[in-house]
Each structure stands twice: as C-alpha cells, then as structure tokens.
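Worksheet: the structure to be examined is printed underneath.
Numbering (my numbering), first residue to last: 40 to 278.
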C-alpha cells in the first residue's frame, strides 16, 4: 500500500504473558526498528517496577542510542500497575519536546486528566515512589516465587516471568471437552468454581490454548486460587 511503519511498541514486562526482556535486548530491538525505517519506538514499561529486579534506568538506557535517534523514542510508565491502581488509570509519557507539543495541542481540547490519578501520583512522588511501591511489589514477588513452585510441582506449562501475570497452557483440558479455545473455560471457571481468569483467546488467536492468571495478591491467596484452578481443571476432565 506504500505505507511506512509509524511506530513499533516494545513491552517489557509484557501483558498478558509477563515475558520480560533485558535492557540490552530492548535497546537492540529498538535500534533495529529505527534502522529499518520505523518513525518511532514506544517502550511500554507499565510493569517495570513489578519485577524481581530493579526498575529500568531511563538515563542509562538511552545511552544505547545515537543522539539523533533519541528524539524518536517514547516511554510509557505510570501508577496503574506499580501501585496496584487499576482503578485510577494513571500513566505518563516521556518523549521529545516536539512529540509532547503535538500531543498536548490535541489533548488540551479532547482529554480530561483524571483528578484521582493525578492526586495519587502527586502523593506517591512526595512520599517517595520506591517506598510506596513496596506495598505492591513485595507481596507480588513473593506470589511469583510461590506460583513458580506450584507450576513446577504440578507439571503445568507456563510463561511466568515478571509483572502481574502468568500465562498458563490449558490445551489438554480444552481438547477433552472439544473446546476450540479458552473462552468457554473462563465462563466455566467463573460459574462453577468462583475463579476469574482471562482467556488467552481474548488477546490473540495464538493464545487460544492459554489463560492469563493474575498473581497480584499475597502468596496465600495466589496459591489458593491456583489450587482452585487445578480443582476446576480436574473436574472438567472428569466430567
């Protein structure tokens, strides 16, 4: 069609899989995209504080790009995941002055900033963001470790890297019921076992045999939910 790629989005950790990329890998992918002709690269770092390691260091990261490339980079971050604030939907974008001016000119007449999100952001930054985020990050990290053990002990197949989510393979159970993808499984687990998951089919046709399982809870609640998931799958297979 003669169109050029306007931009490439690189997400780490990823939603829904939780897959995380090293800073070096992220930079290499970004450089490759720019050199291939993409006008911009947007890094989605909404989950980068919800990891077992340290958050991304923006100042260090941009050193991996030539000065002329840096104006073509964008970075999305926010409070929605790092502070467990899914109800406030607060995010911020770091980009070049030209990009921000372009967006601001249009947003000023079309976007109303959420008051509560801005209030929470100000309070978090004043209190010390890293300290405030520990309330979410520490139990989530403990849940991640506990869920990894549970997955290994029960022979499950999962992508369980960083962020809030595990991506679990449920293909064998779907096959037993003749279900084409995991959408009816979500309904079954909610109605019969009181468990909420997100079918992988909602994200992509490649996720048809997978489900997204959240572990953004203290370990005991996460493992309780994981046991309920197995009970539901076992009942499905038996029925």
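Every residue, glycine too, gets a C-beta built ideally from N, C-alpha and C.
1. Over the uninterrupted alpha helix (DSSP H) stretch that includes residue 146, give me the two end residues.
2. Helix, strand or coil for residue 157 per DSSP?
3. If residue 104 sits next to residue 70, beta carbons under 8 Å apart, how far is it from one beta carbon to the other, in whole angstroms?
4. Which residues mark the beginning and the end of the beta strand (DSSP E) in which residue 110 is found?
5. What is the DSSP secondary structure of residue 76, reduced to helix, strand or coil?
6. Helix, strand or coil for residue 249, going by three-state DSSP, please let me know.
7. Please report whether the beta-carbon of residue 97 lies at a distance below 8 Å from any beta-carbon of chain D.
8. Per DSSP, residue 229 forms a beta bridge with which residues?
9. Which of helix, strand or coil does DSSP assign to residue 207?
10. Between 202, 245, 222 and 256, which has its C-alpha nearest residue 59's C-alpha?
11. Cα-Cα, which of 125, 209, 49 and 93 is closest to residue 67?
The answer reads as follows:
1. If you number the chain shown from 1, residue 146 lands on position 107. Counting along the chain, the alpha helix (DSSP H) containing residue 146 begins and ends at 136-146.
2. To locate residue 157, count along the chain shown from 1; it is residue 118. Under the three-state reduction of DSSP output, residue 157 falls in the helix class.
3. For this step, residue 104 is matched to residue 65 along the chain shown. For this step, residue 70 is matched to residue 31 along the chain shown. The pair is a contact, with the Cβ atoms about 7 Å apart (cut-off 8 Å).
4. Translated into the one-based positions of the chain shown, residue 110 becomes position 71. In this chain, residue 110 is not harboured by any beta strand (DSSP E), its DSSP state being neither H nor E.
5. For this step, residue 76 is matched to residue 37 along the chain shown. If DSSP states are grouped into helix, strand and coil, residue 76 belongs with coil.
6. Reading the chain shown from its first residue, position 210 is the one you call residue 249. Three-state DSSP puts residue 249 in a strand.
7. Judged by its chain identifiers, the structure shown contains no chain D, having just a single protein chain.
8. Working through the chain shown from its first residue, we reach residue 229 at position 190. DSSP output for residue 229 lists no bridge partner at all.
9. Residue 207 sits at position 168 when you count from the first residue of the chain shown. In the structure shown, residue 207 sits in a strand (DSSP, three-state: E or B).
10. In the chain shown, counting from the first residue as 1, residue 59 sits at position 20. Cα-wise, what sits closest to residue 59 is 202.
11. If you number the chain shown from 1, residue 67 lands on position 28. When only C-alpha atoms are compared, the closest one is 49.
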